[in-house]
Each structure stands twice: as C-alpha cells, then as structure tokens.
Amino acid sequence: MNILILGSGGREHALAWAVLQNPKCDRLIVAPGNAGIAQIADCASLDVNNPAAVCEFCAEESIDFIIVGPEAPLAAGVVDMLTDAGFLTFGPSKAAAELEASKTFTKQICDASGAPTAAWARFSEAAPAKDYIHQQGAPIVVKADGLAAGKGVVVAMDEAEALSAIDDMFGGTFGAAGAEVVIEEFMDGEEASFFILSDGENVLPIGTAQDHKRAYDGDEGPNTGGMGAYSPAPVLTEALQEKALAEIIRPTVAEMAKRGTPYAGVLYAGLMIKDGQPRLVEYNVRFGDPECQVLMMRLGGQALDLMLACAEGRLSQAQVNWADDHALTVVMAAEGYPGSYEKGSVIKGLEASPETSSQMVFHAGTTAQKGAITATGGRVLNVTARGASLQEARDQAYAMAEQIDWPEGFYRKDIGWRAL
Ligand code: AMP
Ligand code: GLY
C-alpha cells in the first residue's frame, strides 16, 4: 500500500522507520519530512494544516493510508476531510481532538465519566481567578485552556507565581489559547505516559514511557518538549495499567462515543501516580515526541498493523507481540534551546551511526545542504537504542551520541536516571 505520514519531527522519522519494516508498505511519502526521513522515504512539501491540500495530494499520489503525526493537522480537521473523501486515516477527528485542544473539555469528560483527576475550576476573567487562587493556596497549577505548544502550563509553587501566571494568560501571552484559564489542584507523585490505541470502541495498550521535560541534568532548567525518554516506564506496573484502563481510559472512550464524537487514534494519557492510584494529568491526541521514538523502536513493523487495525475498527482482534525489551532515546538539542538558538550549524559523524533494528538516530530539526546535515530546529536528533535491559539500551544510546560531532549541540547525560 501507499502510505503518507504527516509531520517533520523525530516522531515522524520513527513512525516512518517502523512502517518501512512492514512488507505491507510499498511506498512511503512523508510530508514535509526532514533530512533524516529523506534518507529512507520520499519527502513532499505540503501544507499539512490545510485539509483540502492534503486531500488533493492523497488523490494525486493514490495514497491508501494516512498517518497523522502532530496535533495541529488534527485540530485543523484534516482527518475529518480525509475520512469524508474516503481515505483510510489514522488519527482522531477534530471533535475528538478536543481532548488535547481544550483543557476544559478534558476536565468535563473526566467529570462526566468519573475518571480520577485534579480538582479544577475554569475562569474567563482575572479577578475571580485570583480570588480562587487565594482561597485554594499554593502549590497550584494554572493552565491556558487551548493549544499553547506545551508552554501553557504553570505549576506555581507559591501564590505570587500563580497570580502572575493569571496576568500573563489574560494579558495575551498565549493569544486565544489563554482566553480561558483552568486552575487545578497540584498533584504530587510520579508522572508516566500511557499509550493506548482506540478505534472508537475498543482499546489496546501499546506501551508506557517516561520523558524528561527539563533541559538540564538532574531535572534542572526550563521546561522543554522533552529531552529524552525510555520505555517501558517501571512505575506503570501491569496492575496500574489495568487500573488506568478501567478507571480512566475506557470511561473516556465510552463518554466520547456516547457524545457522538468517538475517539479513534492513539490516546496518550499523562498520568500522575501516587499510593498505587493513577490520576489523569492530561490527554494528548497523538504520539508523544520523543516518546514515540522509544515505542516505535520496541514495536517495529507491527506498528503499521496496529495502526491499520485501529483505523479499520478491528482493534478487538488485534494484539501486540511484546518482546521483553527496553528502549531509550537521548535528544540532542541546539545550544540555547528551549530559548533562542542558532540555526545552520553542521552535524558530522552521522555516517558512522549504526542503523539496525535496535539502534537508530532519528532526525528532528535537520536539513540537508550541499551534502552536509545542518541543524534547523531546537530539538535536532534523537539517538535511540533498544536492549535487553534499560541499562543496556542507555549505554548503547550514549555510545552512539558520543560519535556525533556537533559542537553547537548539547544533550542530557542522565536520561533514565529515575528508572535506574
Ligand atoms: P500538561 O500540558 O497538562 O501536560 O502539563 C504539563 C506538565 O505540567 C505535566 O506534564 C505535569 O508535569 C505538570 N502538571 C500539569 N498539571 C498538573 C497538576 N494538576 N499537578 C501537578 N503537575 C501538573
Ligand atoms: N514529550 C511530550 C509531548 O510530546 O507532549
């Protein structure tokens, strides 16, 4: 079959790499892709947030299956238009993508389905929001309601920080995303991510992971999109996964179906675990980046079969063939990230990187220029390895990272510390 993947990050490189291992894939196009993806698949320039343009492209290229990577095309309704046009697509509808696009929506779904989550209140004006903060006290969490590229959450350790977050959000720092603000109880515990496929009715867990959000070693420094990840997450035991499925995931999927907006695609549940109880922090309606890289490293070619089963509504018959393995990815980022950083520095030594079924350097922000690979983004490479133990995967990934000659880049040296 002819397959199109939408996106251009390390997540999409990992998806492409996994899909290509499945003999069902005859031709793979990734739009827009990056320099690493171009080494394994065709890349096409296409405005992935324009549903009509995506539909036209799929017709021209006789695409049989579309996999949507990032949230923006989902929120733009790309899946709705593709589905209406008869294309088989992996990803939720625009209405179902509200589970990531609106914090209020997710909280309402939790309330309606009884899923355990932080107590919350919603505000559209600063004064009552501030009163609520005084009343509740700190620590407390302030969130812009809409999509804010992962930056719309302030975990305030004191009241002053919470109040200034309110001023920022209603002051327009996050544009329309901050017109409504959700204030939440601070949840203590250990965070982990749980990935589930849903075809609208059935659910299938496909792995757990933990990422490292802070820029520097020891979980210090500013928040980022993620500086590394590993799978599985030991904190999410089988028993806790069952509990999360029973109390959070299945009730959510049932509530979405009941409302006439069934959720189909991958559901990424951010969970907070304390005293053997999982609570929902947030949903994302896509694979995590870099969590996808470790999930794909472990799933390999079967990822395509699972996504097809999901899109075709056959998940009740699908199963994951688990290997007893571990994967870990180290993100190499441009010096300065997540603040401002230079673009255009040359990355050397990549040709020496092994490319096997258990070792791969996935590209995120890269371009090929005159035969050289240059850095064009904040997060640039995801050095990923799989092993019989987490330690083995980690040693392998760091050995690979050391081979990469990129003085303008940096990476954390302690990915996986919590689990080891
Ligand atoms: P979100 O965008 O909702 O995932 O929030 C980003 C991060 O903020 C999460 O991954 C958590 O680390 C933290 N966070 C969000 N909500 C809460 C909460 N209610 N209590 C504690 N930490 C939270
Ligand atoms: N790594 C976090 C995310 O993809 O949202």
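If you're matching positions, the sequence shown starts at 5 in the working numbering and goes up one per residue. Even glycine gets a Cβ: it sits at the ideal position worked out from N, Cα and C.
Coarse secondary structure for residue i, derived from DSSP in three states
{"i": "phenylalanine 109", "result": "helix"}
{"i": "aspartate 328", "result": "coil"}
{"i": "tryptophan 410", "result": "coil"}
{"i": "histidine 17", "result": "helix"}
{"i": "aspartate 46", "result": "strand"}
{"i": "threonine 236", "result": "According to the sequence provided, residue 236 is proline. The question's threonine does not apply to it. Three-state DSSP puts proline 236 in coil, outside helix and strand."}
{"i": "histidine 216", "result": "coil"}
{"i": "arginine 416", "result": "coil"}
{"i": "threonine 265", "result": "coil"}
{"i": "alanine 405", "result": "helix"}
{"i": "valine 158", "result": "strand"}
{"i": "methionine 260", "result": "helix"}
{"i": "alanine 322", "result": "coil"}
{"i": "methionine 300", "result": "helix"}
{"i": "glutamine 306", "result": "helix"}
{"i": "tyrosine 341", "result": "coil"}
{"i": "alanine 142", "result": "coil"}
{"i": "phenylalanine 61", "result": "helix"}
{"i": "methionine 364", "result": "strand"}
{"i": "methionine 276", "result": "strand"}
{"i": "phenylalanine 199", "result": "strand"}
{"i": "lysine 247", "result": "helix"}
{"i": "valine 72", "result": "strand"}
{"i": "arginine 290", "result": "coil"}
{"i": "alanine 389", "result": "strand"}
{"i": "phenylalanine 174", "result": "helix"}
{"i": "leucine 167", "result": "helix"}
{"i": "leucine 151", "result": "coil"}
{"i": "lysine 352", "result": "strand"}
Residue i versus the options, residue with shortest Cα-Cα distance
{"i": "alanine 322", "options": "Ala273, Asp329 and Asp309", "result": "Asp309"}
{"i": "threonine 93", "options": "Ile71, Val239 and Gln363", "result": "Ile71"}
{"i": "glutamate 189", "options": "Gly230, Val157 and Gly176", "result": "Val157"}
{"i": "aspartate 149", "options": "Trp410, Lys111 and Val289", "result": "Lys111"}
{"i": "alanine 392", "options": "Val384, Leu385 and Asp328", "result": "Asp328"}
{"i": "serine 97", "options": "Leu8, Ala261, Ala122 and Val285", "result": "Ala261"}
{"i": "proline 238", "options": "Glu16, Ala405, Cys296 and His330", "result": "His330"}
{"i": "aspartate 293", "options": "Ala337, Leu394, Ala315 and Gly232", "result": "Gly232"}
{"i": "tyrosine 341", "options": "Ala56, Trp326, Glu412 and Val298", "result": "Glu412"}
{"i": "isoleucine 9", "options": "Ala56, Asp68 and Pro27", "result": "Asp68"}
{"i": "valine 145", "options": "Ser344, Ala152 and Ile137", "result": "Ile137"}
Cβ-heavy atom distance, residue i to the ligand GLY, below 7 Å
{"i": "asparagine 386", "result": "no"}
{"i": "proline 294", "result": "yes"}
{"i": "asparagine 288", "result": "yes"}
{"i": "serine 95", "result": "Residue 95 is actually glycine in this sequence, not serine. Outside the cutoff, so no."}
{"i": "glycine 280", "result": "no"}
{"i": "aspartate 215", "result": "yes"}
{"i": "glycine 230", "result": "yes"}
Residue i CB to nearest heavy atom of the ligand AMP below 7 Å
{"i": "glutamate 194", "result": "no"}
{"i": "methionine 191", "result": "yes"}
{"i": "valine 298", "result": "no"}
{"i": "glycine 369", "result": "no"}
{"i": "alanine 3", "result": "Because the chain spans 5 through 424 in this model, residue 3 falls outside it and cannot be assessed."}
{"i": "glycine 274", "result": "yes"}
{"i": "valine 270", "result": "no"}
{"i": "lysine 147", "result": "yes"}
{"i": "valine 186", "result": "no"}
{"i": "valine 157", "result": "yes"}
Integer Cβ distance of residue i from residue j, believed to fall under 8 Å
{"i": "leucine 425", "j": "isoleucine 253", "result": "Any answer about residue 425 is impossible in this case: the structure gives the chain only from 5 up to 424."}
{"i": "asparagine 53", "j": "alanine 80", "result": "5 Å"}
{"i": "leucine 24", "j": "alanine 45", "result": "7 Å"}
{"i": "tryptophan 124", "j": "valine 185", "result": "Actually they are not in contact, since the Cβ atoms of tryptophan 124 and valine 185 sit about 11 Å apart, beyond 8 Å."}
{"i": "valine 324", "j": "leucine 208", "result": "7 Å"}
Contact test: residue i Cβ vs the ligand COA heavy atom, cutoff 7 Å
{"i": "arginine 390", "result": "This structure lacks the ligand COA; its bound ligands are the ligand AMP and the ligand GLY."}
Subject >> Sufficient close CB pairs (3 or more, under 8 Å) joining the region 198-215 to the region 148-164 >> reply: no
Original post:
Using 8 Å as the Cβ pair cut-off and three pairs as the minimum, do the region 46-63 and the region 214-227 touch?
Top reply: no
Original post:
Does the region 293-309 touch the region 358-369, meaning 3 or more C-beta pairs lie closer than 8 Å?
Top reply: yes
**OP:** Pair every Cβ in the region 375-385 with every Cβ in the region 203-223, then say whether three or more of these pairs are closer than 8 Å.
**Re:** no
**OP:** May I ask you to verify whether the region 394-403 touches the region 346-356, counting CB pairs closer than 8 Å and requiring at least 3?
**Re:** no
**OP:** Count the CB pairs spanning the region 243-252 and the region 173-186 that are closer than 8 Å, and state whether there are at least three.
**Re:** no
Original post:
So, do the region 73-89 and the region 129-147 have three or more beta carbon pairs nearer to each other than 8 Å?
Top reply: no
Original post:
Can at least three beta-carbon pairs, one atom from the region 31-39 and one from the region 279-294, be found at a separation below 8 Å?
Top reply: no
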